[in-house]
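Undergrad: Going by our numbering, the first residue of the sequence shown is number 54, and it counts up by one from there.
For every residue, glycine included, the Cβ atom is placed at its ideal position computed from N, Cα and C.
Bear in mind the structure is a predicted one, so any value in this text is a computation, not a measurement.
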Amino acid sequence: MFKSLALVLAMEYTKACVSDSNEVVNSSISTLAHHHSPSSSSPPPDITTLKHLSNNLELIVISSDFDFFADAKVVVSNGREIPVHRCILAARSSFFRNVFSAKEGSSSTRFELKNLAKEYDVGLDSLLAILGYLYSGKLRSLPKVVCVCVDDACFHVACRPVVDFMVEVLYASSTFQISEPVTLYQKCLLNILEKTTIDDVLVVLHVANMCGKACEGLVGRCIEMIVKSDVDIVTLEKALPQKSVKRITDSRLAHGLDNSRSSNAASNFPDKHTRRIHRALDSDDVELVRMLLKEGHRNLDEAYALHYAVAYFDAKTTYELLDLGIADVNCRNHRGYTVLHLAAARKEPKIIVSLLTKGARPLDGRKALQTQSVLQELPDFSSRMMRGRLVPMIGCV
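#1: Judging by CA-CA distance, which residue of E233, Q230, A261, A225 is the nearest neighbour of L242?
#2: Which residue's Cα is closest to the Cα of S189: I404, K197, T102?
#3: Mind checking which residues open and close the alpha helix (DSSP H) that includes V260?
#4: Run through DSSP, which three-state label would V175 get?
#5: Near N244, what residues of its chain come up, given a Cβ to Cβ distance below 6 Å and the 5 sequence neighbours on each side ignored?
#6: Do A358 and L334 count as a contact pair if the criterion is CB distance below 9 Å?
#7: DSSP beta-bridge partners for P136?
#8: Indicate the three-state DSSP secondary structure (helix, strand or coil) for R163 in the structure shown.
#9: For Q230, which of helix, strand or coil comes out of DSSP?
#10: Would a C-beta distance cut-off of 9 Å place T249 and F148 closer than the cut-off?
#11: Considering only the alpha carbon of each residue, which of A396, L289, S304 lies closest to P323?
#12: With DSSP run on the structure shown, which of helix, strand or coil describes A362?
#13: Please name the residue, chosen from V235, E233, S232, P196, that lies closest to F218 on a Cα-to-Cα basis.
#14: Report yes or no: is there a C-beta of chain D within less than 9 Å of the C-beta of A182?
#15: Report the three-state DSSP secondary structure of R292 (helix, strand or coil).
#16: Is it the case that the region 107–117 contacts the region 142–162, given that we only count it when at least three CB pairs across the two stretches are under 8 Å?
#17: If you run the structure through DSSP and keep just helix, strand and coil, what is L374?
#18: Rounded to the nearest angstrom, what separates G270 and F119 at their Cα positions?
#19: Which residue comes first and which comes last in the alpha helix (DSSP H) that contains L395?
#20: Can we say the region 128–137 touches the region 166–181, given the rule of at least three CB pairs closer than 8 Å?
#21: Among R305, E348, H360, T327, which has the Cα closest to the Cα of G389?
#22: Taking the straight line between their C-alpha atoms, what separation do you get for A211 and C275?
#23: Could you give the residue range of the alpha helix (DSSP H) that holds R343?
#24: I'd like to check one pair, A362 with L374: are the Cβ atoms closer than 9 Å?
#25: Thinking just about the alpha-carbon of each residue, which of A267, C264, A307, I404 is nearest to the one in V280?
#26: Whole angstroms is fine: what's the gap from D337's alpha carbon to S194's?
#27: Is it right to say G265 is buried, meaning 16 or more other beta carbons lie within 10 angstroms of its own, or is it exposed?
#28: State the start and end residues of the unbroken alpha helix (DSSP H) segment that holds D120.
#29: Where does S407 land, buried or exposed, given buried means 16+ other C-beta within 10 angstroms?
#30: Whose C-alpha, out of R399, D303, C384, H105, is nearest the C-alpha of D253?
#31: Rounding to the nearest angstrom, what Cα-Cα distance links L341 and K171 in this structure?
#32: Between R150 and D285, what straight-line distance do the alpha-carbon atoms span, to the nearest angstrom?
#33: If contacts are defined as beta-carbon pairs under 8 Å, then A364 and T391 qualify, I think. What distance do you get, rounded to the angstrom?
#34: Nearest-angstrom Cα distance between G176 and V222?
#35: Quick one: measure Cβ to Cβ for V199 and V215, integer angstroms, because I've assumed they're closer than 8 Å.
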């Protein structure tokens with residue numbers, strides 16, 4: 054029942070976004086019609102013919118029947134090759150025109166997506182959405198993977214899969230110098246920001262900063278929300294460029310929201326002892342962390358050292374901290390997150406397994422389900438479940 058309702062709402066949301074996209078196309082068509090009024094020498098364009106042309110060009114992207122005619126390929130992160138046609142991309146995007154006309158591009162037929170969009174990872178679905186627009190002038194509905202997640206109660210209007218897809222398309226549109234999708238997706242993101250988590254707002258701000266002046270409105274709204282939030286300075290410094298961090302901290306100070314003067318100052322502005330532990334982790338020096346702990350100024354939980362390691366470093370650092378045997382794996386930081394929440398948000402199955410084996414507890418059914426879904430991405434998860442090693446630790450409590 055919940056899933057059916059969620060999918061219906063997601064479809065309605067998608068229709069709203071796509072209708073905005075079609076407004077851009079229809080506006081262009083109306084402009085053409087205006088310039089070809091009956092009084093001019095040329096007849097008005099046939100709108101039906103234009104739509105038919107758009108649909109035909111869209112088939113080049115969605116049907117494999119046209120792959121034979123492609124003269125280049127874009128390679129995504131999993132190695133899949135997406136056939137493309139240089140003439141169409143070059144005609145629609147000055148970015149691709151420059152890529153194909155460059156010395157390296159003129160002789161190459163394979164283009165790595167990570168080399169085209171260097172600052173942010175763009176997934177397959179986001180790439181196909183952009184290609185679909187370049188070929189047909191239309192934006193597709195939200196892909197299926199965006200409208201389905203492990204939470205049956207989710208309406209898929211502003212959850213993380215939706216946000217991730219939108220910011221990827223926004224960034225790719227900006228990078229490929231395609232202005233219409235930038236305008237559309239900025240508008241869509243502004244409409245859903247209030248419904249997202251503040252952690253997702255950080256992601257949106259990070260990407261909007263990359264898009265420059267075209268996304269100034271989105272940047273400003275994100276900063277307004279973060280200023281009023283409980284996001285601490287450590288998270289800000291890790292998630293955002295220094296210019297944005299300064300803008301947020303200055304605004305908090307101007308509005309009397311300077312957390313360093315609040316009763317919760319230790320949680321928001323780490324003292325020098327906590328900073329030293331974090332810097333040791335930045336250097337991947339767990340032995341130095343051990344030495345700092347012996348000084349007795351801060352323990353691992355007071356410094357949220359395990360939270361810091363799980364959020365920002367690889368599994369090796371987490372393993373080494375857990376091996377010290379002195380961290381509370383169910384400790385909550387000042388925002389109420391346990392290390393398991395952070396590991397699940399990062400989609401790091403190996404870290405999640407290590408936390409569960411040390412006694413980390415999901416605190417409600419929904420989060421337990423989300424954690425289990427992430428764990429199932431790990432190749433040996435099913436066999437370990439069959440042996441009963443993880444069963445007692447992923448149940449609802």
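TA: So, to answer that:
#1: By one-based count along the sequence shown, residue 242 stands at place 189. Ranking E233, Q230, A261, A225 by Cα distance to L242 puts A261 first.
#2: The count along the sequence shown starts at 1 and reaches residue 189 at position 136. Out of I404, K197, T102, the CA that lies nearest to the CA of S189 is found in T102.
#3: Reading the sequence shown from its first residue, position 207 is the one you call residue 260. Residues 251–263.
#4: Taking the sequence shown and counting its residues from 1, the one referred to as residue 175 is at position 122. Residue state, collapsed to three classes: coil.
#5: For this step, residue 244 is matched to residue 191 along the sequence shown. The beta carbon of N244 sits closer than 6 Å to no other beta carbon from its chain once the five residues preceding and following it are set aside.
#6: In the sequence shown, residue 334 corresponds to position 281, counting from 1. In the sequence shown, residue 358 corresponds to position 305, counting from 1. A358 sits close to L334, with the two beta carbons spaced by under 9 Å.
#7: Sequence index remark: in the sequence shown, residue 136 carries index 83 (1-based). Answer is K126.
#8: By one-based count along the sequence shown, residue 163 stands at place 110. R163 falls in the strand class under three-state DSSP.
#9: Locating residue 230 in the sequence shown gives position 177, counting from the first residue. Correct three-state label for Q230: coil.
#10: If you number the sequence shown from 1, residue 249 lands on position 196. If you number the sequence shown from 1, residue 148 lands on position 95. Their beta carbons are not under 9 Å apart, which means T249 does not touch F148 by this criterion.
#11: For this step, residue 323 is matched to residue 270 along the sequence shown. Checked all of A396, L289, S304; the closest Cα to P323 is L289.
#12: Here residue 362 refers to the residue found at position 309 of the sequence shown. The three-state secondary structure of A362, taken from DSSP, is helix.
#13: Within the sequence shown, the letter at position 165 stands for residue 218. Per the C-alpha coordinates, the member of V235, E233, S232, P196 positioned closest to F218 is P196.
#14: Checking the listed chains, one finds no chain D in this structure; it contains a single protein chain.
#15: Here the question's residue 292 lines up with position 239 in the sequence shown. Note on identity: in this sequence residue 292 is Ala, with Arg being the wrong assignment. Per DSSP, reduced to three states, the secondary structure at A292 is helical.
#16: With a cut-off of 8 Å, the region 107–117 and the region 142–162 do not count as touching, because too few Cβ pairs lie within range.
#17: Here the question's residue 374 lines up with position 321 in the sequence shown. Under the three-state reduction of DSSP output, L374 falls in the helix class.
#18: Start at 1 with the first residue of the sequence shown, and residue 270 comes out as number 217. Start at 1 with the first residue of the sequence shown, and residue 119 comes out as number 66. Cα to Cα, the separation comes out at about 40 Å.
#19: On the sequence shown, residue 395 is found 342 positions in, with the first residue counted as 1. 392–399 is the span of the alpha helix (DSSP H), which, as asked, contains L395.
#20: With a cut-off of 8 Å, the region 166–181 and the region 128–137 count as touching, because enough Cβ pairs lie within range.
#21: Within the sequence shown, numbered from 1, the residue matching residue 389 stands at position 336. The residue with the shortest Cα to Cα distance from G389 is H360.
#22: Position 158 of the sequence shown, counting from 1, holds the residue named residue 211. Position 222 of the sequence shown, counting from 1, holds the residue named residue 275. Looking at the two C-alpha atoms, the distance is approximately 15 Å.
#23: What you label residue 343 is simply residue 290 of the sequence shown in a count that begins at 1. Element bounds for R343: 339–347.
#24: Reading the sequence shown from its first residue, position 321 is the one you call residue 374. Reading the sequence shown from its first residue, position 309 is the one you call residue 362. For the 9 Å CB-CB criterion, L374 and A362 form a contact.
#25: Stepping through the sequence shown from its first residue, residue 280 is reached at position 227. Checking every option, the nearest Cα to that of V280 belongs to A307.
#26: For the purposes of this step, residue 337 is taken as residue 284 along the sequence shown, with counting starting at 1. For the purposes of this step, residue 194 is taken as residue 141 along the sequence shown, with counting starting at 1. Those two C-alpha atoms are separated by around 44 Å.
#27: Here residue 265 is taken as the residue at index 212 of the sequence shown, counted from 1. Label assigned to G265: exposed.
#28: Position 67 of the sequence shown, counting from 1, holds the residue named residue 120. Note, D120: premise wrong, no alpha helix (DSSP H); not H, not E.
#29: Translated into the one-based positions of the sequence shown, residue 407 becomes position 354. It counts as buried.
#30: Against the sequence shown, residue 253 aligns to sequence position 200. The shortest Cα separation from D253 among R399, D303, C384, H105 belongs to R399.
#31: For this step, residue 341 is matched to residue 288 along the sequence shown. For this step, residue 171 is matched to residue 118 along the sequence shown. Cα to Cα, L341 sits roughly 34 Å from K171.
#32: The residue labelled residue 150 in the question sits at position 97 within the sequence shown. The residue labelled residue 285 in the question sits at position 232 within the sequence shown. Cα to Cα, the separation comes out at about 43 Å.
#33: Locating residue 364 in the sequence shown gives position 311, where the first residue counts as 1. Locating residue 391 in the sequence shown gives position 338, where the first residue counts as 1. Incorrect: roughly 12 Å between the Cβ atoms, too far for contact.
#34: For the purposes of this step, residue 176 is taken as residue 123 along the sequence shown, with counting starting at 1. For the purposes of this step, residue 222 is taken as residue 169 along the sequence shown, with counting starting at 1. If you take the alpha carbons of G176 and V222, they lie about 9 Å apart.
#35: As a working mapping, residue 199 is identified with position 146 in the sequence shown. As a working mapping, residue 215 is identified with position 162 in the sequence shown. Rounded, the Cβ-Cβ distance is 5 Å, consistent with contact.
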